[in-house]
Amino acid sequence: VTVIGEEFLNFQEMRFQKLSCASEERTWILGNAYTFIEVPKLTVRTSEDKTSVKVEAKVLQTEEIIEINGDLLVAADGCLSSIRKTFLPDLKLRYSGCCAWRGVLDFSGNGNSESILGIQRPYPDPRKCLYFDLNTGRITGLYELLNKRLNWIWYVHQHEPGQKVSSDMIENMYQEAESLGPELVRVTRETKEPFINIIYDSDPLELIFWDNVVLIGDASHPTTPHRVRSTNISTLDAAVLGKCIEKLGAENIPSALEEYQHIRLTVTAKQVLHSQRVGQIKQGLALPDSKLFDPTAASAEESEELQRIHLPFFASAPLSVD
Ligand SMILES: Cc1cc2nc3c(=O)[nH]c(=O)nc-3n(C[C@H](O)[C@H](O)[C@H](O)COP(=O)(O)OP(=O)(O)OC[C@H]3O[C@@H](n4cnc5c(N)ncnc54)[C@H](O)[C@@H]3O)c2cc1C
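Each residue of the sequence shown is one higher than the one before, counting from 3 in this note's numbering.
Here is the structure:
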């Protein structure tokens with residue numbers, strides 16, 4: 003079922019490919035210039051005058067534990083953020099009822115394999131299209147990445163699994179994938195190391211900074227991916243934070259964080275709730291004010307709510323309070 007107009011979809015896909023390309027380059031640069039760290043058990047300590055913050059971190063290359071001192075800690079540690087947990091220990095994430103099995107099939111040097119030729123029958127142009135199928139309440143997505151890699155994603159409605167993927171879970175996934183059709187089954191089976199994302203969101207947060215520790219990205223607004231937009235939302239957090247600090251000056255971090263929080267919470271709270279609603283419709287879950295969505299029978303009006311353009315602040319979101 004095509005939920006969103008073709009022209010629009012092509013536009014989105016082009017942007018995504020550019021983003022993938024940029025991030026690959028970036029990883030390479032990071033690998034050469036930066037130290038990768040893990041924050042194993044978080045201890046954030048703010049100085050008494052609130053002007054500096056200390057974090058203990060493990061250097062992944064050497065396993066050494068180091069202490070990092072800074073003026074500001076920008077926590078971009080994702081949906082399960084441990085930094086957020088230290089400030090909001092009681093915040094409960096909501097399991098959306100859905101997980102995503104994902105994988106990337108590398109077909110460089112093997113473009114004429116049965117699975118690659120086969121997948122192009124139902125999905126003829128994965129290079130230019132991001133295909134989404136709503137199939138009996140299950141959503142699959144497919145698109146080609148640079149360097150002959152086929153990216154697939156399969157949303158599955160199930161009880162909340164554990165965080166670690168076992169070989170039994172993978173075998174179950176293969177068996178359940180039989181319902182997706184032979185072409186997709188072949189692709190999933192030939193993919194090395196498929197992995198699972200357990201999808202959570204939470205009610206919008208009321209605070210996203212404490213002294214000189216600030217949350218950005220999914221850490222500050224855990225959200226379901228049903229609007230295919232959360233990376234942009236996270237990127238905009240960073241842009242707004244930068245602009246606030248630029249405007250108010252590095253010597254006025256508290257005011258800059260206050261302004262950042264005000265600008266972003268106004269936007270992201272609405273976006274998170276909208277994504278949650280659209281997710282529930284797409285997952286075929288009941289909502290008090292709408293009937294169950296059936297992609298095979300939905301009218302144009304019923305499908306309209308699912309269009310990305312209806313995401314609050316889709317076309318523009320404020321970058322400053324002015
Ligand atoms: C199934 C699925 C599909 C999605 N599809 C889309 C889509 O189509 N379009 C879109 O825009 N968005 C999509 N998203 C959302 C997108 O992936 C996120 O919004 C985005 O990655 C958030 O970026 P982030 O930097 O805030 O967090 P993340 O990308 O989660 O990055 C957090 C990073 O912090 C690191 N980290 C965490 N804890 C520690 C620690 N203790 N020490 C050191 N490092 C740590 C993690 O390893 C990770 O690298 C999807 C998400 C999911 C789950």
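Note that beta-carbon positions come from the ideal geometry of N, C-alpha and C, so glycine has one too. Small disclaimer: the values here were computed from a predicted structure and weren't measured.
What residues are listed by DSSP as bridge partners for residue i?
i	result
Ala59	Ile68
Glu146	Leu152
Cys81	None; Cys81 has no bridge partner.
Cys246	The partner list for Cys246 (beta bridge, DSSP) is empty, contrary to what the question assumes.
Val46	Val57
Cys131	Looking at the DSSP assignment, Cys131 forms no beta bridge with any residue, so it has no partner.
Asn199	Ala102
Arg96	Asp203
His159	Cys100
Ser292	Leu289
Ile39	Val61
Nearest by alpha-carbon distance to residue i: which of the options is it?
i	options	result
Ser169	Leu95, Lys194, Pro320, Ser181	Lys194
Thr226	Ile283, Ser117, Ser301, Gly105	Ile283
Val189	Gly80, Ile118, Ala102, Ala288	Ile118
Leu209	Asp324, His264, Gln122, Glu65	His264
Asp92	Asn214, Val280, Gly251, Leu207	Leu207
Leu144	Gly164, His159, Asp79, Gln122	Gln122
Ser83	Ile141, Ser222, Glu185	Ser222
Tyr262	Lys249, Asp51, Met171, Val274	Lys249
Val167	Thr237, Trp212, Ala102, Lys150	Ala102
Glu65	Arg129, Phe38, Thr48, Lys87	Phe38
Leu147	Tyr157, Leu132, Arg266	Leu132
Ala271	Glu253, Asp296, Phe315, Asn254	Phe315
Pro126	Phe295, Val106, Leu152, Arg279	Leu152
Leu321	Glu303, Ala299, Gly281, Arg266	Arg266
Gly219	Arg86, Ser54, Gln63	Arg86
Phe89	Arg47, Glu260, Gln63, Asp51	Arg47
Glu69	Ala59, Ala77, Leu217, Leu75	Ala59
Met171	Ile155, Thr142, Ile198	Ile198
Let me know if residue i comes out buried or exposed under the rule of 16 or more other beta-carbons within 10 Å of its beta-carbon.
i	result
Ser25	Caution is warranted here: a pLDDT of 37 is assigned to Ser25, below 50, making its placement in the model unreliable, and the coordinate value is therefore given only provisionally. Flag for Ser25 reads exposed.
Ile311	exposed
Arg229	buried
Phe376	No statement about residue 376 is possible, as the shown extent of the chain runs from 3 to 324 and does not include it.
Asp324	exposed
Asn114	exposed
Ala288	exposed
Asn214	buried
Phe295	buried
Gly111	exposed
Asp239	buried
Ser2	In the structure displayed, the chain extends from 3 to 324; residue 2 sits before or after that span and is not available.
Asp49	This sequence places Ser at residue 49; Asp is not what is there. Label assigned to Ser49: exposed.
Phe134	buried
Arg28	Confidence at Arg28 is low in this model, with a pLDDT of 34, below 50, so its placement is unreliable and the value that follows should be read with caution. Classification for Arg28: exposed.
Ala77	buried
Ala317	exposed
Grab me the residues of residue i's own chain with a C-beta within less than 8 Å of its C-beta, minus the 5 sequence neighbours each way, in chain order.
i	result
Lys293	none
Tyr176	Val187, Thr190, Arg191
Ile200	Tyr97, Cys101, Glu162, Pro163, Gln165
Asp73	Thr53, Ser54, Val55, Asn214, Ala252, Ile255
Gln273	His223, Thr225, Arg229, Arg231, Ile235, Leu313, Pro314, Phe315
Between which residues of its own chain and residue i is the CB-CB distance below 7 Å, once the five residues before and five after are set aside?
i	result
Pro224	Cys81, Leu95, Tyr202, Asp203, Ser204
Gln285	Gly99, Cys100, Gly139, His159
Leu308	Val5, Val280, Ile283, Lys284
Which same chain residues, not among the five before or five after residue i, have their C-beta less than 6 Å away from its C-beta?
i	result
Val106	Arg151, Asn153
Ala258	Cys246, Ile247, Leu250
Asp108	Arg151
Asp79	Ile85, Ala221
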